[in-house]
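Visitor:
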Amino acid sequence: MLEELNEFLNTFQKLPREKQLKILDAAAEAFASKGYYGSGIKDICERANISNGALYKYFLNKEELFIAVLDRCQQIMVEYLYEKHTKIESSILNAIEEYLKEIAEICGKFPAYLTVYANLGSPNMEMFSERFSERFKESGKYIYEMVREAKKRGEVIEGIDERALGFLIDNQFILFLYSMLSDYHEKRFRSFMVIEDEVELTSEKKIAFIMDSIRVFLNNKKEESYPVT
1 MLEELNEFLN
11 TFQKLPREKQ
21 LKILDAAAEA
31 FASKGYYGSG
41 IKDICERANI
51 SNGALYKYFL
61 NKEELFIAVL
71 DRCQQIMVEY
81 LYEKHTKIES
91 SILNAIEEYL
101 KEIAEICGKF
111 PAYLTVYANL
121 GSPNMEMFSE
131 RFSERFKESG
141 KYIYEMVREA
151 KKRGEVIEGI
161 DERALGFLID
171 NQFILFLYSM
181 LSDYHEKRFR
191 SFMVIEDEVE
201 LTSEKKIAFI
211 MDSIRVFLNN
221 KKEESYPVT
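FYI, in UniProt numbering the residues of the sequence shown are 1 to 229.
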């Protein structure tokens, strides 16, 4: 079985990168709009403008195609976020701000992939979230290392546990990402900020709120608070 899967994967990887992405993009759009269980191979093939038979040359089944989409999600997160914005150049606050701005950017560039990524938290997606649990742990290490570096530089208030602060920051990142994709999480963000529905809640306001909530754990007292209103 493993040899068979590797054979399919090798066939797909021999395709030009542009064609690979066309298939993965189409699959991501289908999974984002209809969910894993609601999406069919026929719909995905129509979106990618390929035949069912062609798709089955590259993937054994829908599950393996979905895993390939998740791999692409992870590549996007690593390339645009973890490797790019978790290294402290000036201060941890600056790194966090740039990270949040990049989340807003990639939500515009790759909305389907990030919706698929966000939906991994759904109760019926355990088999995939468990399969990717080690990769999620690896992703969390980037945030932890950023906090650890900030603590070495004296930016974190003495006595603050770096793992606890890393967990807090990571959850702020996740809520911000989800709020860019989901009305439910957008409303949750509003409830935390005590903003009425008729008031526009921009990504800039969300970032300002997150920055102020993290600042209380840091020694960066010279930097002014971000205006939220």
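For each residue, glycine too, the CB sits at the ideal point set by N, CA and C.
1) Please report the residue range of the alpha helix (DSSP H) in which residue 106 lies.
2) One question on the structure: do residue 113 and residue 28 come within less than 7 Å of each other, judged by their Cβ atoms?
3) Taking DSSP's pairing of strands, which residues face residue 156 in a bridge?
4) Let's see if you can read the secondary structure: which residues bound the alpha helix (DSSP H) around residue 175?
5) Pull up the distance between the alpha-carbon of residue 17 and that of residue 218, whole angstroms please.
6) Exposed or buried, residue 142, counting other C-beta atoms within 10 Å across all chains shown (16 or more means buried)?
7) Let me know if residue 48 comes out buried or exposed under the rule of 16 or more other beta-carbons within 10 Å of its beta-carbon.
8) Can you tell me whether DSSP reads residue 50 as helix, strand or coil?
9) Please give me, in chain order, every unbroken run of the beta strand (DSSP E) with length at least 3 that falls completely inside the UniProt domain "HTH tetR-type" (17-77).
10) Considering only C-alpha positions, which residue in the set 191, 185 and 93 is nearest to residue 166?
11) Where do the ends of the alpha helix (DSSP H) carrying residue 125 lie?
12) Between the alpha carbons of residue 187 and residue 202, how many angstroms are there, rounded?
13) Does DSSP classify residue 198 as helix, strand or coil?
14) To the nearest angstrom, report how far apart residue 122 and residue 57 are at their CA atoms.
15) Rounded to whole angstroms, what is the Cα-Cα separation between residue 10 and residue 63?
16) Where residue 38 and residue 71 are concerned, what is the direct C-alpha to C-alpha distance, given to the nearest angstrom?
17) Buried or exposed for residue 59, going by 16 or more other Cβ atoms inside 10 Å?
18) Select from 36, 80 and 213 the residue whose C-alpha is nearest the C-alpha of residue 124.
19) On the three-pair Cβ rule with 8 Å, is the segment 93-113 touching the segment 207-218?
20) Drop a sphere of 10 angstroms on the beta-carbon of residue 156, count the other beta-carbons inside from all chains shown, and report buried for 16 or more, exposed for fewer.
21) Report the three-state DSSP secondary structure of residue 12 (helix, strand or coil).
22) Using a Cβ-Cβ cutoff of less than 6 Å, which residues in the same chain neighbour residue 160 once the five nearest sequence positions on both sides are dropped?
23) Which term fits residue 179, buried or exposed, when burial requires 16 or more other beta carbons within 10 angstroms of its beta carbon?
Guide: This is what the structure holds:
1) Within the sequence shown, residue 106 is the residue found at index 106, counting from 1. Start and end: 92-109.
2) On the sequence shown, residue 113 is found 113 positions in, with the first residue counted as 1. On the sequence shown, residue 28 is found 28 positions in, with the first residue counted as 1. The answer is yes: Cβ separation under 7 Å.
3) As a first step, residue 156 must be located in the sequence shown, where it is residue number 156. Paired residue(s): 218.
4) For the purposes of this step, residue 175 is taken as the residue at position 175 of the sequence shown. Start and end: 162-181.
5) The residue labelled residue 17 in the question sits at position 17 within the sequence shown. The residue labelled residue 218 in the question sits at position 218 within the sequence shown. Taking the straight line from one Cα to the other gives about 44 Å.
6) Sequence index remark: in the sequence shown, residue 142 carries index 142 (1-based). Residue 142 should be labelled buried.
7) In the sequence shown, the residue the question calls residue 48 occupies position 48. Per the 10 Å Cβ criterion, buried.
8) What you label residue 50 is simply residue 50 of the sequence shown in a count that begins at 1. Three-state result, residue 50: coil.
9) none
10) What you label residue 166 is simply residue 166 of the sequence shown in a count that begins at 1. Measuring from the Cα of residue 166, the nearest candidate turns out to be 93.
11) Translated into the one-based positions of the sequence shown, residue 125 becomes position 125. No alpha helix (DSSP H) holds residue 125; DSSP gives it neither H nor E.
12) One-based indexing of the sequence shown puts residue 187 at position 187. One-based indexing of the sequence shown puts residue 202 at position 202. In a straight line, the C-alpha of residue 187 is about 13 Å away from that of residue 202.
13) Here residue 198 refers to the residue found at position 198 when the sequence shown is read from its first residue. DSSP places residue 198 in coil when its eight states are reduced to three.
14) Taking the first residue of the sequence shown as position 1, residue 122 is located at position 122. Taking the first residue of the sequence shown as position 1, residue 57 is located at position 57. Computed Cα separation, rounded: 30 Å.
15) Within the sequence shown, numbered from 1, the residue matching residue 10 stands at position 10. Within the sequence shown, numbered from 1, the residue matching residue 63 stands at position 63. Those two C-alpha atoms are separated by around 17 Å.
16) Counting from 1 along the sequence shown, the entry for residue 38 is found at position 38. Counting from 1 along the sequence shown, the entry for residue 71 is found at position 71. Looking at the two C-alpha atoms, the distance is approximately 20 Å.
17) The count along the sequence shown starts at 1 and reaches residue 59 at position 59. Flag for residue 59 reads buried.
18) If you number the sequence shown from 1, residue 124 lands on position 124. Closest by alpha carbon: 36.
19) yes
20) Indexing the sequence shown from 1 puts residue 156 at position 156. That one is buried.
21) Within the sequence shown, the letter at position 12 stands for residue 12. Reduced to three states, the DSSP call for residue 12 is helix.
22) Within the sequence shown, the letter at position 160 stands for residue 160. Same-chain partners within the cutoff: 217.
23) Against the sequence shown, residue 179 aligns to sequence position 179. Under this definition residue 179 is a buried residue.
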